[in-house]
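Here is the structure we will look at, set down as structure tokens.
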Amino acid sequence: MRAAVHAEWTKVRTVAGPRWLLLGAIAATVALSTAVVSVMTCDAAGCGHDATRLSLTGVQFGQALVVILAVQVMSGEHGTGMIRATLAATPRRTTALAAKAVTLTGVVAAVGTVAVLGSLLAGRLILPGRGFTAAHGYPILSPADGPTLRATVGSILYLVLIALLSLGVATVVRDSATSTGVVLGLLYLVPVLAPVIHDPHWQRLLHRLGPMSAGLAVQATTDLRDLPIGPWTGLGVLAGWAGAALLAGALLLRRRDA
Amino acid sequence: MTAAPLRVLHAEWTKFRTVRGWVVGVVAAALMVVLVAVLAGVSSDQRGAPAVPIGRGGELVTDSFFFVHQPMTGDGGITVSVSALDVGIAPDLEPGTVPWAKAGLVIKDGTRPGSAYAAIMVTSGHGVRMQHDYTEDTAGLPGPVSTASPRWLRLERSGDAITGYDSTDGLRWTAVGTVHLDGLGPTAQAGLFVASPDAVQGPGTVPSVATAVFADLRTEGGRLTDHWTGDRVGPEPTGHPPTTSGSVAESDGRLTVTGTGDIAPAVRASLGTAGTIADVLTGTFPALITVIVLGTLFITTEYRDLIHVTLAASAGRSRVLAAKAIVLGGVTFTAGLAGTAIAIPLGEHLARQSGVHLFPITPSTQLRVVLGTAALLATAAVLALAVGTLFRRSAGAVTTVTIAVVLPYLLVAQIPFIPDVVTDWLTRVTPAAAFAVQQSVVPYHQVTSVYTPYNGYYPLAPWAGFAVLAGYAVVSLAAAAVVLRRRDA
């Protein structure tokens, strides 16, 4: 297993693609977060915005690059035939998948930490100038603050889980275009489709089950009661998606020819 | 060997046709549009919700106001002066600005909401207006009213013609307009009215109440008497202090009338429960992701093994790209056309059965929405083809195009509190501008509202919005052609 993880780490480290994607994920996350906090205003006390969540909006963009990275870790190998070499070197296929999962977890956790802290810093620097002041009920953002700490750690875990979900889907689907389409569909379509369901019960259920809408509940720091799902429970739903995708991937990987 | 353009085209068509996954994908894209329309129709249940008044043109309207009225039989006229029109904004009725708060005279075909009417009125911010049948509006004397500068209004019926006059002194009159209310019965309801639409505050609206002071009320003909009744037309306002549903009080020959509501076409913010054709077509999004995957695969699959053969078989590389774009565009356009053409009537039917009101659209608008949605899908697929050619990587291409089209939409359509400048910009310069082809609601100058993409109003005209996406596709395709010619396969 250590050798397999080392091999995967070498692949990620030595190919230019992943490096650019990881830098891109940081840039995309921080850029969208900065853009969002730069346009929001809070004119008076009780303007109802969740400052932490606003500062972490960029995760919705950054995750897309994490998806590409995670899909390519698996589908890229199917596309080039590299997968045969990987599986020859690590005959236990689940070990090969586990090694990829471990490597991705480490890499995305590291990159996610930079991206999320960068976004938070942008919020901390910009928001006070936009009316998010202590007088309006917004203390300066700090990861030492309990709910903000939860949102910060939760967002990093969110990105890791998105990577694992993508890896699982890519293992099942194999083709990278289709895998990407499936993952992006799972993520972005639930929030687009939910308003169509007029029945409030079903709409709530959809928000609870959608990997992105449930998983991002962890970013909330205010009005937790109005959320369709609790912060950690929501992240748990995403973990369920990622686990199920990886499990299905592992089973199929063992059964199928490469 | 140089292949004739038609042969290249035929080769690409054969490739597309014979890959089962692609054919399944394109059919699935069409089905998604239909399926989501069905889902939208059956999942909503508004049977038992208050009826939405419908104007004579079939349009959804707002028709609620305070009416001090009596029957008017045959020809006749009413004259009145207005010396004040003040607006209070809920919840505390603090004085505020509601430019289209209105008070004046109306002749209406009964008190049923949605019935035909013609009215002359003073407004808070737009001077004297003559309005009829909800959508029509003509300007009269400018400026606000005050005790120092009152306005005299007169409304006369002659057959089915109704003429409105205004005056600054009650002596010299100007005709503002004459309108014809076809089918107006011999007895109409005539009198004074006051209405005050919801005030726009940030991304939402809050109720408001107007109070007008009338004097010099005179009637001519029409078997009119001195007996007036004050009634509210339309549903009682919800969430108001109870005193503000409307009232009339007389002292010293002056009538003080308060009222809330509006007599105007309905817009999205004033009628949140009504759906639009774009709601029915939400299935465009899953279809979009599907055709983006297809467009990408149509080129990236070649890079695995076939590209050498493809390029060897045809001398002009850009010709291959053009052939692929035509085949892909044609196939996805057809799928989109089939999907939307089935989804719209089906979704509309199911929504109506569930008691949901849809903002009505003219046949030409419907045609534009159908063609536009099909073109949107086809163009997004071609954009994915071009980006796939540039990147040679599927995952990157699929994500780039999906993010470019869907993420701006997600930001503007899901987060109501994003500032207008940002949503405006996002729906002008990003490929998401193309969703304007699905706009079916119309903004009205005489209704102050939240006309944002969140509510279904786009800053660009439908085909201009589409042109933005098409621009991205054309530029990417040109870049792809250049790159394809220059680099090794």
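Sequence order for the protein chains is A and B. With the numbering used here applied, the first sequence covers 1 to 258. With the numbering used here applied, the second sequence covers 1001 to 1489. Virtual Cβ for every residue (Gly too), placed ideally from N, Cα, C. Remember, it's a predicted structure, so these values are computed and weren't measured experimentally.
| Check | Outcome |
| --- | --- |
| Beta-bridge pairing of ILE229 of chain A - partner residues as DSSP gives them | None, per the DSSP bridge assignment. |
| Heavy atom of the ligand ZN within 6 Å of VAL1429 of chain B beta-carbon | Ligands are entirely absent from the displayed structure, and the ligand ZN is therefore not among its contents. |
| Simplified DSSP assignment, three categories, for PHE1066 of chain B | strand |
| Contact set for THR1256 of chain B: own chain, Cβ-Cβ below 6 Å, skip 5 residues either direction | VAL1213, ALA1249 |
| Proximity below 7 Å, CB of VAL1080 of chain B to CB of LEU1171 of chain B | no |
| C-beta neighbour in chain B for ALA27 of chain A, strict 7 Å | no |
| Where SER1251 of chain B sits in the DSSP three-state scheme | strand |
| Separation of PRO1235 of chain B from PRO1262 of chain B, as counted between CA atoms | In the sequence as presented, Pro is not what sits at residue 1262 of chain B; that position holds Asp. The straight-line gap from Cα to Cα measures roughly 12 Å. |
| Inter-residue Cα distance where the pair is PRO1113 of chain B and TYR1134 of chain B | 11 Å |
| LEU1460 of chain B vs ALA1436 of chain B beta-carbon contact at 7 Å | yes |
| SER155 of chain A versus GLY234 of chain A: straight-line alpha-carbon distance, rounded | 12 Å |
| C-alpha gap between VAL1482 of chain B and ILE68 of chain A, whole angstroms | 25 Å |
| Three-state class that DSSP yields for PHE1193 of chain B in the structure shown | strand |
| CA-to-CA distance, THR1282 of chain B to TYR158 of chain A, given in whole angstroms | 27 Å |
| Distance, HIS1132 of chain B Cα to ILE229 of chain A Cα | 49 Å |
| Residues near VAL1447 of chain B in its chain [Cβ-Cβ closer than 6 Å; skip 5 each side] | ALA1264, VAL1267 |
| Residue closest to LEU1181 of chain B, alpha-carbon to alpha-carbon, out of B:GLY1088, B:ALA1322, B:PRO1453, B:ARG1056 | B:ARG1056 |
| is_contact[LEU1297 of chain B, chain A] using C-beta, thresh 7 Å | yes |
| When B:PHE1333, B:VAL1179, B:THR1452 are compared against SER1269 of chain B, the one with the closest alpha-carbon | According to the sequence shown, residue 1269 of chain B is Ala rather than Ser. Cα-wise, what sits closest to ALA1269 of chain B is B:THR1452. |
| Within 7 Å, strictly: CB atoms of THR1296 of chain B and ALA144 of chain A | no |
| Residue burial classification, GLU8 of chain A (beta-carbon count within 10 angstroms, cutoff 16) | buried |
| Unbroken stretches of the alpha helix (DSSP H), 4 residues or longer, contained in the region 108-186 of chain A | 146-173 |
| Alpha-carbon to alpha-carbon, THR1260 of chain B and THR1111 of chain B | 16 Å |
| Buried versus exposed, by CB contacts within 10 Å (16 or more), ALA1201 of chain B | This sequence places Gln at residue 1201 of chain B; Ala is not what is there. Counting Cβ neighbours within 10 Å, GLN1201 of chain B comes out exposed, since fewer than 16 surround it. |
| First and last residue of the uninterrupted beta strand (DSSP E) at TYR1165 of chain B | 1161-1167 |
| Rounded separation between THR1219 of chain B and VAL1370 of chain B - CA only | 53 Å |
| Members of the region 1375-1403 of chain B near chain A, C-beta cut-off 7 Å | SER1394, ALA1395, GLY1396, VAL1398, THR1399, THR1402, ILE1403 |
| Terminal residues of the beta strand (DSSP E) in which VAL1176 of chain B lies | 1174-1180 |
| ALA64 of chain A, buried or exposed, once every other Cβ within 10 Å from all chains shown has been counted against 16 | buried |
| Any C-beta of chain B under 7 Å from that of GLN63 of chain A | no |
| From B:ASP1279, B:THR1334, B:ALA1381, residue whose alpha carbon lies closest to that of ILE1344 of chain B | B:ASP1279 |
| Terminal residues of the beta strand (DSSP E) in which GLN1201 of chain B lies | 1199-1201 |
| Distance CB(VAL190 of chain A)-CB(GLY168 of chain A) smaller than 7 Å | no |
| Alpha-carbon to alpha-carbon, VAL30 of chain A and GLY118 of chain A | 6 Å |
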